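Protein chains in written order, with the working numbering: chain V, 1 to 235; chain S, 236 to 533.
Built from N, CA and C at the ideal position, the CB exists for glycine as well.
This one's a predicted model, so the numbers in the text were calculated from it and none came from an experiment.
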Amino acid sequence: MTPQNIVEFDTVGLRYGQGTEVLRDVTFALPAGSFHFLTGESGAGKTSLLSLLYLARAQTRGHIKLFGRPTLTTPRDELPEIRRKIGVVFQDFRLLDHLSAIDNVALPLRIAGFPEDEIKKRVTELLIWVGLGSHLNAKPPTLSGGQKQSVAIARAVINRPQLLVADEPTGNMDDRSAARLLRLFVELNRRGTTVVIATHNESLIRAFPFPRMHLSGGRLAIYPAGMQFGDDAHV
Amino acid sequence: MFRRPSDLPFSKDGLSWFLPWMVMLMVFFATLTTAGTLSLNAMLARWSRSISGSLTVQVLPIEENGKINRKKTQLEIDEALSVLRKTAGVSSANLLTDRQMKDLLKPWLGDSVLLDDLPLPALIDVQLLPDTEVDLEILKTLLKKSAPNASLDVHKLWLGKLIKLTQRLDLLASSLLMLVIATTSIIVIYVTCSSLAVHRPVIELLHQTGAHDAYIARQYALRMGTLAAIGAVPGFCLVLPILFMLSSIAREIEGGLLSEARFDWTAWVLLGSIPAAAIALATLTAYWTVQKTLRRML
């Protein structure tokens, strides 16, 4: 393993039940501090690939290493420590409706055992920064789609993850808000967080020239930064 | 603002409402059963003391023409003593002296007792060897054969049978307690498993966020322990008036069989620990169930 690689996929395949493979021979590595977009048609396997990245499921073949640890052979008790290094923004937010915005964002810190004083300070600061300072105690059902997304993003980044995985994080946002959010991700990336963002937003990809991983028919191709989609890709 | 809420929306559990009711009933029955068992054991100990170690045989005086035939009576007493002294397990058999008889009757008849004027039976004090069982039925038959006017204290035989019955009731009560414990555990496991199924998406999110199984199990343990407490305390309070009533009845029947049925402080401590045990049982069962169930998840 290359120590600088945070993620390593080697001929990874994934199938659900007895169905056909949704991911086939996926091989790539993400160096620490890299920034990648993940693109592909709907149903190409983007969400499946991301779910392998954040350890929500296990591959059916091939090898995956996260932070140098092989995911299949790492003892189950040690997986939470790996997961705490990963922040995830889900496409459907997955906020807990019975908890306030502040408690939703505080979740990763509480699980990690931070003291309540520090949790309060960090969560309040971040929610004010994402524009939810007046909605700290609001519950998700009372928030708009964009506000929910902001809470979901705040929850993903509150623990300063080493790897940030986002599935269509700008889906409910206008271009201006989307660009603002991307600047947050870029700032996190500058501070050392490895970022993978699944998106359909071509204007965003053009505005932020980072390498693109493209999924088609379950196979992955990688286009270096600046290379136009359709040029020869690194597989 | 920053109170620690549960990460799991337990209020949406459809099944958890009936856990307090079930625990209330279980604590009620468990406390009642334990109280019954304690009373039975106290009575059993008292009865055992009363029938072990010694026996009393009485020989009625033989009357002829309205007068006591002392010679024949003495012959029967000798026969009875002979039978008793030959019986296995008997260490000694001695006829009570006039002085001992006077002492026995003194509380009722006063000092000036003339034994010769009264048709009193002769009493034989029989001491048994420790840790030996004397078959009272056989002894009774042998005495009847050799000395027709001699008889064993019949209530000792009756007490022996009652003790056997009590021991069986004791066993039954213990079985009932085990049943209550098993039923409570099964209910907690069922409610916990149902809740885990309902909250699976939240649990997946918690795992995803880096939660260990123990983190989730602790929240379930706290939830089930709280629900159990909501049921256990009223369940115990409901049984208290019944126990106080039984205890006061027992206190009033001084000298009777029930006089040992009242509870001392150790019994009350034991009874008071039942709701605490029910809460602990629910808490630990929920914790164990969650740990065991989540182990099957990634």
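- Using a C-beta cut-off of 8 Å, the region 185 to 195 of chain V makes no contact with the region 136 to 152 of chain V, since fewer than three inter-stretch Cβ pairs fall below that distance.
- Listed along the chain, the chain S residues whose CB falls inside 8 Å of the CB of His135/V amount to none; the nearest CB is some 13 Å away.
- Taken in chain order, the region 372 to 402 of chain S contains no complete alpha helix (DSSP H) segment of 4 residues or longer.
- Counting C-beta atoms within 10 angstroms of its own C-beta, Ile359/S has 16 or more neighbours from the protein chains shown and is therefore classed as buried.
- Val12/V carries a strand assignment under DSSP once its states are collapsed to helix, strand and coil.
- A residue is called buried once 16 or more other Cβ atoms fall within 10 Å of its Cβ, and Tyr425/S, having fewer, is exposed.
- Sorting Phe9/V, Thr60/V, Gly131/V and Gly45/V by C-alpha distance to the C-alpha of Phe67/V places Phe9/V at the top.
- Around Pro211/V, no beta-carbon contact reaches into chain S at under 9 Å, the shortest distance being about 26 Å.
- By DSSP's assignment, Thr39/V forms a beta bridge with His214/V.
- Across the region 50 to 77 of chain V, CB contacts with chain S closer than 9 Å involve Tyr54, Leu55, Ala56, Arg57, Ala58, Arg76 and Asp77, in sequence order along the chain.
- Closest in C-alpha terms to Ser274/S, from the list Ala502/S, Arg531/S, Met532/S and Thr520/S, comes Ala502/S.
- Taking the CA atoms as reference points, Glu21/V sits about 7 Å from Gly13/V.
- Put simply, the backbone Cα of Leu126/V is about 25 Å away from that of Leu50/V.
- Straight across, the Cα-Cα distance linking Ala270/S with Leu506/S is about 7 Å.
- For Asp103/V, the residues of chain S that pass the 8 Å Cβ criterion are Pro240, in the order they occur in the chain.
- The beta-carbon separation of Glu314/S and Ala357/S, rounded to 12 Å, does not stay under the 8 Å limit for a contact.
- When CB distances to chain V are screened at a threshold of 8 Å, not a single residue of the region 452 to 469 of chain S falls below it.
- Ile465/S and Pro255/S have their C-alpha atoms spaced approximately 6 Å apart.
- Only buried fits Val157/V, as 16 or more other CB atoms lie within 10 angstroms of its CB.
- Look at Gln293/S here: in three-state DSSP terms it is strand.
- Residues of the region 410 to 442 of chain S with a C-beta less than 9 Å from any C-beta of chain V: Pro436, Val437, Glu439, Leu440, Leu441 and His442, listed in chain order.
- By the neighbour-count criterion, in which a residue is buried when 16 or more other Cβ atoms sit within 10 angstroms of its Cβ, Gly40/V is buried.
- Looking at Ala408/S, Leu411/S and Tyr455/S, the one whose alpha-carbon comes closest to that of Ser429/S is Tyr455/S.
- Contacts with chain V at 9 Å (Cβ-Cβ) do not include Lys396/S.
- Taking 9 Å as the cut-off, the Cβ atoms of Ala463/S and Tyr522/S do not count as close.
- Look at His63/V here: in three-state DSSP terms it is strand.
- For the pair of segments examined, the region 238 to 252 of chain S was found not to touch the region 55 to 74 of chain V: the number of CB pairs separated by less than 8 Å stays below three.
- Beta-bridge analysis with DSSP links Val88/V to Val165/V.
- For the pair Leu529/S and Asp448/S, the CB atoms are nearer than the 9 Å cut-off.
- Using a Cβ-Cβ cut-off of 9 Å, Ile111/V is close to Asp242, Leu441, Thr444, Gly445, Ala446, His447 and Tyr450 of chain S, given in chain order.
- Minimum Cα-Cα distance from Arg57/V among the listed residues Ala408/S, Ile373/S and Glu439/S corresponds to Glu439/S.
- Contact annotation, His36/V with Phe208/V: C-beta distance approximately 11 Å; criterion of less than 8 Å not satisfied.
- Comparing alpha-carbon positions, the option among Leu250/S, Ser246/S and Val262/S lying closest to Leu414/S turns out to be Val262/S.
- CA-CA distance, Arg176/V to Thr419/S, rounds to 58 Å.
- Annotated three-state conformation of Tyr54/V is coil, per DSSP.
- For the 9 Å CB-CB criterion, Lys139/V and His98/V form a contact.
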